[in-house]
Ligand code: F6R
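Residue numbers (my numbering): 8 to 614.
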């Protein structure tokens, strides 16, 4: 989604701001812009890639030590140059970039228009810069403060004024802003990846806070004017994660990083002598967790499918009643939140607006709210009472891959932790832990199949539709496999519970409609084979994912991909990998922009 970067320091701002924008590209955007302060402030905006903006800036060579820049993902108004940020006031003195949505913008705009302000764009954002213009009486920070008090909705903003040539003002409510501080410069961004090249010291702004940045200095207060003292913390290593190395795309690099991601998820968290997981982040709530009888998981997209898997895992390993809910639907359901209800928010980015809204709703209702988050220091991580970091490393490709396998690993550890405090035996706990430790090596084996999967993709990538089927633990993997294919290759794909196929989707099957069947040799295998037979009887092509040595499918279907054998509940960690590779290769063969699929954003910060 939209990205912000701001700079006030002693170097020329333009290179630092453009570098920041390039590092934010992975979030998804459709236009970009930059403003740099000088005696005549410089403003440039462009539709399309950041490279287009860079071309213009290279021609103009604007000078200046302070500036702001933005990548926009359109919400209000089409992706045009006039709608791109920064927006400016009537006098072209104030420049502003914004992430989020101003809900009462129409009423504010009507009022500002009546007062004679001239609007140039169709955006909700532009009202902010005119409100600040209205409130300005020589003090920029107070003007921003005053303007924001009138605003309903969400914002992360950065503002500069030509009359304050060393100053950047940033503020947030519901949309992240992080400050990066070094000896002679201060930066701000919506995402640490834009700062990591320049500083190792960061400060996270909280909701309803405003900060004033100058070269190497910052001060924070609340929007209602209370001073805030917050020192900088060390930034986790992200710079290395931003390099693609020899891989042609981040998505492929991240698929190949899964063995390490699972190792990192397990590191220090396995206690063999007790057959249990050790999750430091949950220690403070362990008592409440072991009393809990009801678990509600809230999440979106791929994280939602991890949550669906967790429902099976918790039901198998514990006696908890588990519901997995789409975060965007959570507030519309009347779920019974009792004293012993735990709500677990799962999110790679830790910034997904729907998930955040769901967890705030759960908190309001008195649930114990926990998080499983990848990005350290993100809003969801900070707003949950306790939780676990997945430590998958930075995920740049828009399609989630390594964060999904990390999530599955940690969800299993969580279920094990709860299960072992109840009926689950030591033997069973230990069997799962041993199995988990096998997973990284087994994923390495599966990754060797990448070329074979590419050949398969070449045969099938022109299909218009795909069906993915699986049962029990493999059902969420069918959904995830279908999501991966559609989001990166734009092939329509449906994930279905294998048993549900005959209740409708089977009508679609014909020789041009392939099915990917998840059929490891497990307790559901025979039933999945029956479903495969039903497809074959209607001349539907079938690609089966099964376990090494399971010969039954080879004589039945034309295409079989074999993954190593592990404990049944752990097989999703393996079967998902060929599906990720298949989606990736289909997308490349179809010429799609794999790391930045059209219309998608890495961090979905609007509801
Ligand atoms: C799919 C994908 C999205 C995200 C979803 C939730 O590959 O990446 O579906 O899973 O937007 O994002 P997080 O996990 O950051 O809350």
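Each residue gets a CB set at the ideal place from its N, CA and C atoms; glycine is no exception.
Please read all numbers here as calculations on a predicted model, not as lab measurements.
Can you give me the Cβ contacts of residue i inside the same chain, cut-off strictly under 6 Å, excluding the 5 residues immediately before and after it?
i           : result
residue 426 : 324 and 325
residue 177 : 165, 184, 195 and 218
residue 594 : 495, 496 and 601
residue 503 : 476 and 512
residue 551 : 524, 526, 560, 564 and 567
residue 115 : 134
Quick check: what's the CA-CA separation for residue i versus residue j?
i           : j           : result
residue 498 : residue 44  : 46 Å
residue 276 : residue 609 : 28 Å
residue 1   : residue 477 : Any property of residue 1 remains undetermined from this structure, which presents the chain solely from 8 to 614.
residue 404 : residue 75  : 25 Å
residue 370 : residue 455 : 45 Å
residue 125 : residue 97  : 6 Å
residue 28  : residue 568 : 40 Å
residue 268 : residue 306 : 20 Å
residue 67  : residue 230 : 37 Å
residue 5   : residue 151 : Nothing about residue 5 can be reported from this structure: the residues present for the chain run from 8 to 614 only.
residue 31  : residue 78  : 8 Å
residue 448 : residue 265 : 10 Å
residue 536 : residue 479 : 14 Å
residue 485 : residue 242 : 36 Å
residue 61  : residue 596 : 29 Å
residue 553 : residue 531 : 12 Å
residue 215 : residue 442 : 46 Å
residue 260 : residue 561 : 31 Å
residue 280 : residue 286 : 15 Å
residue 344 : residue 365 : 13 Å
residue 549 : residue 213 : 51 Å
residue 334 : residue 289 : 22 Å
residue 49  : residue 69  : 7 Å
Is any heavy atom in ligand 1 found nearer than 7 Å to the beta carbon of residue i?
i           : result
residue 197 : no
residue 406 : yes
residue 356 : yes
residue 468 : no
residue 335 : no
residue 496 : no
residue 610 : yes
residue 502 : no
residue 490 : yes
residue 306 : yes
residue 310 : yes
residue 391 : no
residue 522 : no
residue 331 : no
residue 362 : yes
residue 47  : no
residue 359 : yes
Could you tell me the boundaries of the alpha helix (DSSP H) in which residue i lies?
i           : result
residue 137 : 133–142
residue 429 : Counting along the chain, residue 429 falls outside any alpha helix (DSSP H), and DSSP gives it neither H nor E.
residue 288 : Counting along the chain, residue 288 falls outside any alpha helix (DSSP H), and DSSP gives it neither H nor E.
residue 366 : 360–371
residue 520 : No alpha helix (DSSP H) contains residue 520, which DSSP labels as neither H nor E.
residue 36  : Premise fails: residue 36 is in no alpha helix (DSSP H) and is neither H nor E.
residue 66  : 57–67
residue 228 : Here residue 228 belongs to no alpha helix (DSSP H); instead the beta strand (DSSP E) covers 224–229.
residue 273 : 265–273
For the beta strand (DSSP E) containing residue i, list its first residue and its last residue.
i           : result
residue 496 : Run containing residue 496: none in the beta strand (DSSP E); it sits in the alpha helix (DSSP H), 482–496.
residue 461 : Here residue 461 belongs to no beta strand (DSSP E); instead the alpha helix (DSSP H) covers 457–467.
residue 377 : 375–380
residue 310 : Segment 308–324 is the alpha helix (DSSP H) holding residue 310; no beta strand (DSSP E) there.
residue 331 : 328–333
residue 352 : 348–354
residue 186 : 185–188
residue 78  : 73–79
residue 102 : 101–106
What does residue i pair with, by DSSP beta-bridge criteria?
i           : result
residue 475 : 502 and 523
residue 281 : BP columns for residue 281 are empty, so no partner.
residue 568 : 552
residue 394 : 378
residue 175 : 220
Please list, in chain order, all residues of the same chain as residue i whose beta carbon is under 7 Å from its beta carbon, the five residues on each side excluded.
i           : result
residue 59  : 53
residue 438 : 574
residue 251 : 257 and 260
Who are the Cβ neighbours of residue i in its own chain at under 8 Å, not counting the five residues just before and after it?
i           : result
residue 299 : 327, 347, 348, 349, 375 and 425
residue 388 : 357, 378, 380, 382, 394 and 396
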